[in-house]
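These notes concern the structure reproduced below.
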Amino acid sequence: MPNPGNLTRQLAAVADSLGPLLIPIEQRNQLVDLCAMTRLATGAASVSIARLDGNALLYEAAEGAGAANVTGLRLPSDRGIAGYVANTGQSLVVDEVHSDPRFARDVAERIGYVPTSLLAVPVVDAQDRVLGVVSVLDRTVGIGDPLAIASASGRVAAPLLATSAAIATLGPLLLRAVADAMDANETTLVSALQRLADDLPAEDAEIASLASMFAQLRALPAATQQAVGRILIESIALATPRRRW
Amino acid sequence: MAFPQAITRSWAYGDGTGKGVRVAVVDSGIDAEHPLVGGVQQYVAIDRDDSTESGVCFVPGPHADLYGHGTACAAIIRDVAPEVDLVSVRVLRDDLKGSAAAFAYGVEWCIEEGIDIINLSMSTASERWAETFWDLVDVATYRGVLLVAAMNNEPKRTIPSELAGVFSVACAPGTDREQIWCNPDGPAEWGAAGIDVDVAWMNGATIRTTGNSFAAPIITGHLARLLATHPGTRAWQAKTVLAELAVNSPANS
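Line by line, the protein sequences are chains A and B.
Anchor point for the first sequence: position 112 equals 111 in numbering that gives the first Met the number 0, and the numbering is continuous, going up by one each time.
Anchor point for the second sequence: position 211 equals 210 in numbering that gives the first Met the number 0, and the numbering is continuous, going up by one each time.
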């Protein structure tokens with residue numbers, strides 16, 4: 000007899016690799032636009048934005064030379080210049096990459112563009128946790144200090160990458176909770192999600208914990224659910240800066 | 000302040016070798032085989048270990064440089080003070096995620112180990128680490144350990160570099176490692192070459208790069224020369240001497 004928990008776990012693994020590809024197109028377009036603006040401002044040949052996903056850098060957006068081949072690339076973060084930036088939260092400016100054998104030249108050649116210089120800055124959240132890396136390849140004369148421009152782009156990219164990470168995490172996490180609940184013969188997801196929240200690293204635990212709270216909420220009477228939902232939406236609206244256009 | 004006699008380089012630096020001074024590079028590791036590094040005398044790697052209360056463990060014995068950054072810093076120190084004893088304190092690993100905790104444990108290890116000078120070419124912008132580093136800087140200062148810390152390249156909080164107890168360093172013009180600048184108004188108190196400079200990197204290579212990370216080891220090297228010549232020099236004394244030797248010192252105008 001097929002094990003439903005096991006099947007769901009396989010589904011979670013598929014969602015884990017597929018999830019990042021299904022991040023809303025609009026969101027990806029914004030990151031591409033940000034790459035384009037950064038490229039214009041720094042006079043660079045190419046700009047990319049990668050999201051730190053576990054121990055890998057997932058290139059979510061790129062603009063310029065080799066962009067089509069960079070987008071979607073997943074590279075280990077334990078190597079290279081972008082890896083250093085992702086693991087330290089410190090920016091790094093290298094003017095002659097060619098002489099750096101650690102620079103993944105094979106990767107660069109595969110994407111069809113080998114840069115001479117590389118400037119990489121971390122994208123961090125409010126707690127200074129690294130969310131990703133902005134890489135500027137072969138900058139020329141731009142409109143100002145390229146490090147400052149790339150840093151500003153990093154600040155704009157931060158909430159976009161945080162959302163990407165949340166979307167990429169949530170689907171597989173819910174499926175894992177379903178699998179665990181099936182294994183434990185549970186009829187609700189509340190406990191399974193809470194167990195995941197206890198086991199997962201802090202960044203994923205927050206989402207699991209939130210999902211557990213929503214699972215509890217769904218068990219309450221419809222009127223209570225509606226009231227809590229309205230309070231949440233109003234609170235978020237209050238905390239969100241208002242658009243002026 | 001004008002001294003009755005000028006502080007000279009020969010008085011301050013002696014033979015300029017930094018002989019016997021123990022200098023720790025708290026970074027990505029050091030490649031001892033790099034021709035510009037000239038050997039590493041001691042290693043410790045801070046690794047993640049969930050079985051310990053702190054969540055980390057200290058692994059002695061040779062290790063590799065994971066990114067090249069620590070090798071760059073070590074080679075600069077070796078160039079300025081060729082006979083120092085280099086200690087590689089590796090605090091970067093993929094699974095540490097550049098955690099400020101690992102930096103802090105690295106600095107703490109150096110203080111307990113009685114290291115003479117700590118070179119920290121990295122920092123955190125996270126304010127929740129301010130108090131930890133404040134305490135560490137105070138302990139280091141009163142134990143006579145000199146802590147050199149690069150300012151962040153970007154204009155944001157930079158801990159522990161912004162604390163007055165450390166030798167905080169940013170880039171100054173030129174590529175001459177003999178030249179140092181003093182900016183007593185801070186928060187970058189010291190300046191040294193770090194723009195378009197050639198530094199050692201992975202696998203025996205060199206790269207041309209820019210960053211405060213590469214200015215800090217120059218100050219570390221100058222301090223090593225001073226400490227070899229005048230053992231027991233305290234941070235406040237060393238700052239006085241370096242300020243007098245700085246290219247922008249009134250004594251040199």
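All C-beta atoms in this analysis are idealised placements derived from N, C-alpha and C, irrespective of residue type, glycine included.
Buried/exposed call for residue i, threshold 16 Cβ in 10 Å
i, result
"T226/A", "Before going on, a small fix: residue 226/A reads as Ala here, not Thr. It counts as exposed."
"P61/B", "exposed"
"F2/B", "exposed"
"I230/A", "exposed"
"N86/A", "buried"
"T223/A", "exposed"
"V83/B", "buried"
"V240/B", "buried"
Distance between residue j and residue i (C-alpha atoms, nearest Å)
i, j, result
"Y12/B", "F213/B", "21 Å"
"P230/B", "Q89/A", "33 Å"
"M0/B", "W235/B", "14 Å"
"Q40/B", "N251/B", "36 Å"
"A100/B", "A55/A", "21 Å"
"L159/A", "A148/B", "32 Å"
"E107/B", "I117/B", "10 Å"
"I206/B", "A192/B", "15 Å"
"Q29/A", "A245/B", "48 Å"
"I6/B", "Y141/B", "24 Å"
"R233/B", "V144/B", "8 Å"
"D64/B", "V113/A", "24 Å"
"G38/B", "A74/B", "10 Å"
"Q26/A", "C72/B", "39 Å"
"L119/B", "I218/B", "11 Å"
"A157/A", "A165/A", "12 Å"
"F102/B", "M121/B", "8 Å"
"R243/A", "D127/A", "Residue placement at R243/A is flagged as unreliable, the pLDDT there being 48, under the threshold of 50; a coordinate-derived value is accordingly withheld."
"V46/A", "P23/A", "21 Å"
"G185/B", "G228/A", "50 Å"
"H68/B", "T162/A", "31 Å"
"E59/A", "G111/A", "18 Å"
"G210/B", "G19/B", "28 Å"
"L225/B", "G105/B", "24 Å"
"A218/A", "S50/B", "38 Å"
"P75/A", "Y83/A", "11 Å"
"H221/B", "V79/B", "7 Å"
"T139/A", "W133/B", "40 Å"
"V196/B", "W189/B", "17 Å"
"Y66/B", "L169/A", "32 Å"
"S234/A", "P171/A", "28 Å"
"V132/A", "V92/A", "13 Å"
"G15/B", "L209/A", "60 Å"
Bounding residues of the beta strand (DSSP E) (the contiguous stretch that carries residue i)
i, result
"R73/A", "73-75"
"R89/B", "84-89"
"L35/B", "Careful: L35/B lies outside any beta strand (DSSP E) and carries neither H nor E."
"Q41/B", "41-47"
"I48/A", "45-52"
"R176/B", "That residue, R176/B, is in no beta strand (DSSP E); it is neither H nor E in DSSP."
"A135/A", "The sequence shown places Val at residue 135/A, rather than the Ala named in the question. Here the beta strand (DSSP E) through V135/A covers 129-136."
"A192/B", "189-192"
"D197/B", "196-199"
"T209/B", "205-209"
"R194/A", "Note, R194/A: premise wrong, no beta strand (DSSP E); alpha helix (DSSP H) at 189-198."
Residue interval of the alpha helix (DSSP H) (run including residue i)
i, result
"F132/B", "129-141"
"L246/A", "Past the edges of chain A, shown from 0 to 244, lies residue 246/A, and the structure says nothing about it."
"V155/A", "145-182"
"I114/B", "Unbroken run through I114/B: none, as it is neither H nor E."
"P216/B", "215-228"
"I232/A", "221-238"
"I142/A", "Element bounds for I142/A: n/a, residue is neither H nor E."
"S9/B", "8-12"
Quiz item: Three or more beta-carbon pairs under 8 Å between the stretch 68-80 of chain A and the stretch 170-177 of chain A, yes or no?
Solution: no
Self-check item: Any 3 or more C-beta pairs closer than 8 Å across the stretch 48-58 of chain A and the stretch 11-31 of chain B
Solution: no
Quiz item: Can we say the stretch 171-183 of chain B touches the stretch 134-153 of chain B, given the rule of at least three CB pairs closer than 8 Å?
Solution: no
Exercise. Report the residues of the stretch 113-141 of chain A with a CB closer than 9 Å to any CB of chain B, ordered along the chain.
Key: S116, L118, V120, P121, V123, Q126, D127, R128, V129
Self-check item: Residues in the stretch 62-77 of chain A having any Cβ partner in chain B nearer than 7 Å
Solution: S76, D77
Exercise. Check each residue of the stretch 35-49 of chain A: if its Cβ is closer than 8 Å to any Cβ of chain B, include it; give the result in chain order.
Key: none
Quiz item: Name the residues in the stretch 34-62 of chain B whose C-beta lies less than 9 Å from a C-beta of chain A; which are they?
Solution: none
Practice problem: Quick one: which residues of the stretch 116-149 of chain B get their C-beta closer than 9 Å to a C-beta of chain A? List them in chain order. | Solution: S120, M121, S122, T123, A124, S125, E126, R127, W128, A149
Quiz item: Are the stretch 158-166 of chain B and the stretch 128-143 of chain B touching by the rule of at least three beta carbon pairs closer than 8 Å?
Solution: yes
Quiz item: Do the stretch 145-154 of chain A and the stretch 25-40 of chain A touch if we need at least three Cβ pairs shorter than 8 Å?
Solution: yes
Practice problem: Return the residues of the stretch 204-232 of chain B that lie within a Cβ-Cβ distance of less than 8 Å from chain A, sorted by chain order. | Solution: A204, T205, I206, R207, T208, T209, G210, S212
Quiz item: Taking one C-beta from the stretch 211-222 of chain A and one from the stretch 187-199 of chain A each time, how about it: are there three or more such pairs within less than 8 Å?
Solution: yes
Quiz prompt | Contact list for the stretch 64-81 of chain B against chain A, Cβ threshold 8 Å | solution = L65, Y66, G67, H68
Quiz item: Between the stretch 190-220 of chain A and chain B, which residues of the former have a C-beta closer than 9 Å to a C-beta of the latter?
Solution: none
Quiz prompt | Contacting positions in the stretch 173-198 of chain B - beta carbon closer than 8 Å to chain A | solution = D195
Quiz item: According to a CB-to-CB cut-off of less than 9 Å, which residues of the stretch 149-169 of chain B neighbour chain A?
Solution: A149, N151, N152, E153, P154, K155, R156
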